[in-house]
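As you go down the protein sequences, you meet chains U and P in turn.
FYI, the numbering for the first sequence is 1494 to 1842, going by our numbering.
FYI, the numbering for the second sequence is 1494 to 1842, going by our numbering.
Down below is the structure, laid out as structure tokens.
Protein chains: 2
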Amino acid sequence: MTVTLADVAARAQVSPATVSRVLNGNYPVAASTRERVLKAVDELDYVLNGPASALAAATSDLVGILVNDIADPFFGIMASAIQAEIGGPGGRAGGERLAVVCNTGGSPERELTYLTLLQRQRAAAVVLTGGAIEDAAHQAAMDSKVRKLADAGTRVVLCGRPPAPETGAIALTFDNRGGGQELTEHLIGLGHRRLGYIAGPEERTTTRHRLEGHRAALAAHGIEEDPRWTVHGRYDRRSGYEATLELLRRDPSLTAVVAANDSVALGACAALRDSGLRIPEDVSVAGFDDLPFSIDAVPSLTTVRLPLAEAGARAGRIAMGREEAPPGGIASVRGELMVRGSSGVPRVS
Amino acid sequence: MTVTLADVAARAQVSPATVSRVLNGNYPVAASTRERVLKAVDELDYVLNGPASALAAATSDLVGILVNDIADPFFGIMASAIQAEIGGPGGRAGGERLAVVCNTGGSPERELTYLTLLQRQRAAAVVLTGGAIEDAAHQAAMDSKVRKLADAGTRVVLCGRPPAPETGAIALTFDNRGGGQELTEHLIGLGHRRLGYIAGPEERTTTRHRLEGHRAALAAHGIEEDPRWTVHGRYDRRSGYEATLELLRRDPSLTAVVAANDSVALGACAALRDSGLRIPEDVSVAGFDDLPFSIDAVPSLTTVRLPLAEAGARAGRIAMGREEAPPGGIASVRGELMVRGSSGVPRVS
DNA sequence: TCATGTATAGAAAGCGCTTGCTGTAACGCT
DNA sequence: AGCGTTACAGCAAGCGCTTTCTATACATGA
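And the structure:
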């Protein structure tokens, strides 16, 4: 039914081996022969059988990209950048690799299962993006899986995720703590002393690091934090909206709200406006990530820019072995404070 | 080096055949035997060899999802929904399928190459999302490829893309024309007579259909369109910003700007504000898609809501053969006009 | 008691490709 | 002329799994 290598070989009057070599271009073949083979391939509309080829060659052209939420531009941007470097089609010829974006939805089980699936496919490389889940058991399971992948020759790169020592994975970590600290220091510098914080989901490294940075800034300036000032929620706008209302309820005297990321900050803005508060005159707002829409918010969002595309591209190149790994296998990627319209001096109370 | 089925079989003291059957659960195996095998699998840390299995069984658990731009939430949301239905891990057991999100970047070649790559992998299904490129040659090539995929048993579903008759693909099309028309009629109903239109890239079905709807509305109300009122650009905010400045330059008397999508509309809003114009008092703005951030814009965006997640989910189910295809293999998905703060009566000139 | 079923396990033939090794011309060199 | 090279091309042995067909062991009904 389907056309096989043998069919092409028969038509081109050569052996299957020759056809394979023409297709892979990894062995000298006389120009005339090559031409004949190519012609047969074309005429028969032959398409290589991926699994068979992967089995025989014991290699695969799949590269996995794990993301927490593909509908979130934070991950979309990284995935896009990684993928552009992976080559996919369009990369330099020969290296046609299929980038597989896997959406874990933040679920530990899915994360693990996807890793197994990729292991099963003998993926050439795997890039894990975004924060990790902070659960000892799960982390141990992940580390062990990653080590196995690495041992099996799959290059594993962590992009925007904390290093996993001893696993053989290369890490490009975001300096969430430093960024968070810088951001809050900016607000403190403006005069804010009562700052609400909308954190991401608990048990996530990103959440914890950003919050730690925030607290470090407070501590550095001798501001004692009121436990009521921190609320946890998801990384989306809805959560930001609700959390802000909650913060306002707990302490209406807050003069600034720091959000776990830009989407959350947008929700916070909406909640503040709906509560009749002006930004930044009544309450300042700050986000994190600097996603494309953040500059468009009204007022535009003060935030910490993370070089998502750049980091993704670098992760992609490392995964493809096209760039050297950073010394020690770990690199920290810094964010850049973007001061914009949503932050200002606090209102006089 | 790596553990194979045979190793597991040896350890469990059964034949490879039995191990395979235990793993696939598609043949009766005595409980005691199964247990022994599972234990061996566990002890040896065995992971099935995907390519080998795919080769022998002549099936694959890969499902491809083609998107134009993964960094755009429009596609991210659809991809996420499709993928959730595909099963991925977390779906019902047994059907562990690997969803492969492929980013074409809107390039015709990449689109085609990805399809070939998926064909090579003998993908179980392929979902093509978003508008198609309107180039006769390319379209013919795509159709032929799709037909081949379908013939080979790969289920092909188009989600938010015009039907491709005779190719065997199921289509879930967005009614871009109807939505565009309704949107513009809303503005006309408010009293607008001078409407600018920021269209997407040329040679795209989505662009054309939305624009046609817009024009149909104008025509229906006897409004003659000035060619200066239409500008083409990309589907992003930057493009919307620039196009709006251009429109304003061409005709400052415009009272409304209709954008190709929400991101473009946001850029338009920014440009208007930067030009000292109020929304909607001076100029009304309308978008398309109703992405999550649109309701958060200030003022919130009047737009046409497309049920991206629902359509994606349905496409996913159809791709998995879990839902029947619509009659005739074609279904039109309607958008819903969302009237919000960015549109109002025109200023008196 | 013997033919017949039923449940379970194994043997073995591939699936379609890659690749190490083995020819075999044609070539160049002494 | 003789022989080592060089440049291709083919043979055939797998890669690790699935699955058909066959074998065995009991249980069953007449």
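Backbone N, C-alpha and C define an ideal beta-carbon position, used for all residues, glycine too.
Interface residue (Cβ-Cβ distance to chain U less than 8 Å): T1609(P) is classified as such.
Taking 8 Å as the threshold, the shortest C-beta distance from Q1674(U) to chain P does not fall below it. For P1694(P), not one C-beta of chain U is nearer than 8 Å to its own C-beta. The beta-bridge partner set that DSSP reports for N1596(P) consists of V1560(P). At a cut-off of 8 Å between C-beta atoms, A1713(U) does not count as an interface residue with respect to chain P. DSSP places A1662(U) in the coil class of the three-state scheme, outside both helix and strand.
Excluding five sequence positions before and after A1547(U), the CB atoms of its chain that fall closer than 7 Å to its own CB belong to S1553, R1615, given in chain order. If you draw a straight line from the Cα of D1562(P) to the Cα of S1746(P), it comes to about 35 Å. Contact of R1807(P) with chain U by beta-carbon distance below 7 Å is absent, the smallest such distance being about 17 Å. In the three-state DSSP reduction, T1552(U) falls in the coil class, being neither helix nor strand. Per DSSP, F1567(P) has no beta bridge partner at all. 8 Å or more divides the Cβ of A1749(P) from the Cβ of L1704(P). The continuous beta strand (DSSP E) containing R1798(U) extends over residues 1796 to 1798. H1725(P) sits in a strand when the DSSP states are folded into three classes.
Here the C-alpha atom of L1770(P) lies approximately 16 Å from the C-alpha atom of G1733(P). The shortest CA-to-CA distance from C1652(P) to any of D1783(P), A1664(P), T1660(P) is the one to A1664(P). Below the 9 Å Cβ cutoff, chain P contributes no neighbours of D1782(U), its closest Cβ being approximately 13 Å away. About 18 Å separates the Cβ atoms of V1757(P) and R1721(P), ruling out a contact at the 8 Å cut-off.
In the DSSP assignment, I1823(U) falls outside any alpha helix (DSSP H) and within the unbroken beta strand (DSSP E) covering 1823 to 1826.
Each of T1660(U), G1706(U), G1693(U) was checked against the Cα of A1643(U), and the nearest Cα belongs to T1660(U).
Residue environment analysis places G1598(P) among the buried positions, since at least 16 neighbouring C-beta atoms fall within 10 angstroms of its C-beta. According to DSSP, F1667(U) shares a beta bridge with V1826(U). Using a CB distance cut-off of 8 Å, V1750(U) does not count as an interface residue toward chain P.
Spatial neighbours of D1628(P) in its own chain (CB-CB distance under 7 Å, excluding positions within 5 residues in sequence) are listed in chain order as P1601, E1696. By the beta-carbon neighbour count (other beta carbons within 10 angstroms, threshold 16), K1532(U) is exposed. Inter-segment contact for the region 1522 to 1539 of chain P and the region 1560 to 1576 of chain P is absent: fewer than three beta-carbon pairs are separated by less than 8 Å. As the crow flies, the alpha-carbon of A1764(U) is around 30 Å from that of E1735(P).
If only complete runs of 3 or more residues are kept, the region 1707 to 1778 of chain P shows the beta strand (DSSP E) at 1723 to 1725, 1749 to 1752, in order along the chain.
Counting of Cβ neighbours within 10 angstroms places R1613(U) among the buried residues, the total reaching 16 or more. DSSP places R1504(U) in the helix class (H, G or I) of the three-state scheme. Put simply, of A1592(U), L1516(U), P1658(U), L1680(U) the residue whose alpha carbon is nearest the alpha carbon of R1840(U) is L1680(U). The beta carbons of R1590(P) and I1579(P) sit about 5 Å from each other, so the pair counts as a contact at 8 Å. Per DSSP, the beta-bridge partners of G1689(P) are V1750(P). Contact annotation for L1665(U) against chain P: no contact, minimum CB-CB distance about 18 Å [criterion: below 7 Å]. For D1789(P), the neighbours in chain U by C-beta distance under 8 Å run, in chain order, R1730, L1759, G1760, C1762, A1763, A1790. The three-state reading of DSSP puts T1497(P) in coil, since its state is none of H, G, I, E or B.
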